[in-house]
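Trainee: Numbering (our numbering), first residue to last: 13 to 406.
Note that CB positions come from ideal geometry on N, CA and C, so glycine has one too.
These figures come from a predicted structure and were not determined experimentally.
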Amino acid sequence: MDVLDLARTQFAVTGSLHFLFVVLTLGLAPLVAIMHTRYAVTGNPIHERMTRFWGQIYVTNYALGIFTGLVMEFQFGLSWSGLSHYAGDIFGAPLAIETLGAFFLESTFLGLWIFGWHRLPKWLHLACIWLVTLTAHVSAFWIMATNSFLQNPAGAVERGDHLVLTDFGALLTNPTLTMALPHVIGAGLWTGGFVVMGASAYHLFKRTSEREFFTRSLRLGVITSFVGSLITVGFGYAQFLPLSTLQPDKFEASALTGASLGAMIGIGQLLQLAIMFVLMPVVYWLPRWRWAQPILMVITPLPFLAAILGWLVRETGRQPWLIYGKLTVADALSPGLTSGMITTSLIGFAGVLGLLAVVDYVLIARTVRRGPAAVTLGADGPADSTERAHALSY
Ligand code: HEM
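#1: Any chance the CB of residue 47 is under 6 Å from a heavy atom of the ligand HEM?
#2: Within 10 Å of its beta-carbon, does residue 254 have 16 or more other beta-carbons around it, so buried, or fewer, so exposed?
#3: Give a yes or no on whether 7 Å exceeds the smallest Cβ distance from residue 189 to chain C.
#4: Helix, strand or coil: how does DSSP classify residue 130 here?
#5: Just reading off the alpha helix (DSSP H) that residue 378 is part of, what are its end residues?
#6: Measure the CB-CB distance between residue 63 and residue 51 and report whether it falls below 7 Å.
#7: Report yes if the C-beta of residue 312 is less than 6 Å from at least one heavy atom of the ligand HEM; otherwise report no.
#8: Using 6 Å as the cut-off, classify the Cβ of residue 190 as near or not near the heavy atoms of the ligand HEM, replying yes or no.
#9: Run through the DSSP bridge pairs and tell me what residue 340 is partnered with.
#10: Sort 287, 144, 218 and 332 by Cα distance to residue 262 and report the nearest one.
#11: Report yes if the CB atom of residue 83 is closer than 7 Å to the CB atom of residue 118, and no otherwise.
#12: If we ignore side chains and look at the alpha-carbon of each, how far apart do residue 149 and residue 171 end up?
#13: Considering only the beta carbon of each residue, do residue 346 and residue 91 sit closer than 7 Å?
#14: In chain order, what residues of the same chain lie with their CB nearer than 7 Å to the CB of residue 179, ignoring the 5 residues before and after it?
#15: With distances taken from CA atoms, which of 189, 182 and 226 is nearest residue 163?
#16: Compare the beta carbon distance of residue 125 and residue 141 with 7 Å and say whether it is the shorter of the two.
#17: Below 8 Å, can you find three or more Cβ-Cβ pairs linking the region 235 to 248 to the region 212 to 226?
#18: Using the three-state DSSP reduction, which class does residue 325 fall into: helix, strand or coil?
#19: Nearest-angstrom Cα distance between residue 43 and residue 120?
#20: The ligand HEM and residue 245: does any heavy atom of the ligand fall closer than 6 Å to the residue's C-beta?
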């Protein structure tokens, strides 16, 4: 492989590993916020236990995933200085806003939520998890706005040797953004729902003592994936509309792009049909069907796979362009790089990010296996209002 292919491989590997964390964060945040809202409204302790259990899985994924995002930003300077020089004036701002959102606002609200258990007033504490959810999705918006600019450089004109932004509104209403953002948000819900569903199926299959907890969780997981699948598939097909005029030869450009597009749609359609015609109608009986539970466990990783395939389609399909019609990938490569340099950083990044992904799934699997009784999030006080009142009476 030459330097260019190595640098592209490095971005594809790190981007894919990073997105494994992102897609689960996007899906689990609203789920945990909904569980917390149900607890705040009803005061039912099972909703508190569900919030803390699935919340701990969310926090684990967020904490390990944040480092993988730093590597992505770092690579713009390392391998793609041509892109920063040519279009940094435009995509620098949304990327910086995203970083501020994800690293400062989201993590601040998440910190307040984690340490606010039994300390913050009920509604303020609930507001924190909704703000985490909101900032996560606002971050997704800015990243997708940046990526969509590379797909279709709307609102910019060339001045001298670089692009300048002339229409901020066009950057934010880019047709490759308005269809792709809901597609990604739907994919997140689908993935989060599948993780909740698969983990719940594990406990029901093992016949642990938490039957009610995981029956409720499994139902919520199926309903969430159902909603996610409607959004994902609807906006998935809708994406072909802007692409037919903006990047008309995208899916015929290479056999690889066509084959991965086919795989993503295949996985998506198959799972959606299964959710719509099998899982949703029988959601109330599903927890009792032991034979179905291993199937639910085995299919848990499929939305992750479809999401990575989706990104490979979106990115490989516009080759050789980095900014469609304006800047080629070859012209964006930093000067002076050698194969040795990129190989070294590729091995380093892939090794560290791969290890983080493995650690993430091992920790999540351990939390799932140990069950709600072993959760540490919010465990530094009485578990629910009844216990709190009981504790105060002593
Ligand atoms: C019938 C099912 C589906 C259709 C028709 C579809 C369609 C598409 C298309 C056309 C693209 C490329 C857009 C571009 O190049 O600009 C794409 C990308 C993508 N897809 Fe799908 N997709 C489907 C299922 C899924 C599923 C099940 C997931 C994950 C759960 C997923 C996640 C993604 C992601 C993350 C991207 C990259 C970002 C984006 O372009 O939105 N897709 N999809």
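Mentor: Reading off the structure:
#1: no
#2: buried
#3: Checking the listed chains, one finds no chain C in this structure; it contains a single protein chain.
#4: coil
#5: Counting along the chain, the alpha helix (DSSP H) containing residue 378 begins and ends at 351 to 382.
#6: Cβ distance < 7 Å, so residue 63 and residue 51 count as in contact.
#7: no
#8: no
#9: 333
#10: With distances taken between Cα atoms, residue 262 lies closest to 332.
#11: no
#12: Taking the straight line joining both Cα atoms gives about 33 Å.
#13: When the beta-carbon positions are compared, residue 346 and residue 91 come within less than 7 Å of each other.
#14: 167
#15: 189
#16: yes
#17: The answer is no - the region 212 to 226 does not touch the region 235 to 248, with fewer than three Cβ pairs under 8 Å.
#18: Three-state result, residue 325: helix.
#19: 19 Å
#20: yes
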